[in-house]
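Under our numbering, the first residue of the sequence shown is numbered 4, with each subsequent residue one higher.
Cβ atoms here follow ideal geometry from the backbone N, Cα and C, with glycine treated the same way.
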Amino acid sequence: MSEVKLMYDYISIHSDDYTKKVKSKILEQYLISNLGFEKVSHLIYCTELHGERIRLRGIPAGLDGNYAYDTLEGIEEVNLIEIDLPSCISNILEHPISNVATAISKEFSWIIDEDHGLN
């Protein structure tokens, strides 16, 4: 049986200083075509990994990484991606989520926050 670990709420992926942005259409195409995500709404995507539904959001953030928005509708570019994590996660699920985060960071030449919640 896999060990279950308590995790952070999400993984953040962004450029070093939040200045590099990606067009929402490019992000959508990459997530759907390359990583198998489904579009839920504008800049919100889901996929299933080992029976768990994983949600991802593209977000426009300030240069300090903070954000506040009422809706993502109409947002054309993002500089932050957050992958929501289940409150408890098994070793079996940790690896594919880490692979998704790594693939996104490599595709856009962004970084994964050091406090990303995965070991």
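Here the C-alpha atom of E51 lies approximately 32 Å from the C-alpha atom of L66. If you draw a 10 Å sphere on the C-beta of H98, you find fewer than 16 other C-beta atoms in it, and that means exposed. Shown here, K42 sits in a strand according to DSSP, grouped into three states. Inter-residue distance for N37 and L46 is about 16 Å (C-alpha atoms, whole angstroms).
In the displayed model, K26 falls within a strand according to three-state DSSP. The beta carbon of Y21 sits closer than 8 Å to those of A64, G65, L66, D67, G68, N82, L83, all from its chain and outside the five residues before and after it, given in chain order. Shortest Cα-Cα distance from H53 to any of F111, R60, L59, I100 involves I100.
By the CB criterion at 8 Å, A104 and I16 fall inside the cutoff.
If you compare the alpha carbons of D116, I115, F111, L75 with that of Y33, the shortest gap goes to F111.
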